[in-house]
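>
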Amino acid sequence: RELVRRGELAGARQPGEDMAGWLGRAHAGRQRSALLGDSAGDDIADPAGGPLQLCTATADLLDDLLARLIPLAWG
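Using the numbering used here, you'd call the opening residue of the sequence shown number 5 and step up by one each time.
Structure (structure tokens):
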């Protein structure tokens, strides 16, 4: 979630920009404490062993995140 959120703020990869450059732009201004990954808002539930509804919700969330990430990173 954080990569998609920060990527949307940074904007899509520019023509000729390598992945490392885009990731650097997305990372710019990130606080050191954010590296700990303690943001509950960024957590994605692990549906393993859970009810079908949780599996479906997780799949829908991942589908949405990928649909937003792919155009940003690979245009």
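We treat Cβ as the ideally placed atom computed from N, Cα and C, and that holds for glycine.
The model shown is predicted, which means the values in this text are computed figures rather than measured ones.
Below 8 Å CB to CB, which residues in the same chain sit around residue 66 once its five sequence neighbours on both sides are set aside?
Within the same chain, Cβ atoms closer than 8 Å to the Cβ of residue 66 are found at 48, the five residues on either side in sequence being excluded.
> Roughly how many angstroms separate the alpha carbons of residue 37 and residue 13, rounded to a whole number?
19 Å
> Please state whether the Cβ-Cβ distance between residue 69 and residue 11 is less than 8 Å.
Taking 8 Å as the cut-off, the beta carbon of residue 69 is found no closer than this to the beta carbon of residue 11.
> Restricting to Cα atoms, I'd like to know which of 20, 53 and 8 is closest to residue 30.
Out of 20, 53 and 8, 8 has the C-alpha closest to the C-alpha of residue 30.
> Could you tell me the alpha carbon to alpha carbon distance between residue 58 and residue 51, rounded to whole angstroms?
6 Å
> Quick check on the DSSP output: the alpha helix (DSSP H) that includes residue 28 runs from which residue to which?
23–31 is the span of the alpha helix (DSSP H), which, as asked, contains residue 28.
> Taking just the CA atoms, how far does residue 71 sit from residue 56?
22 Å
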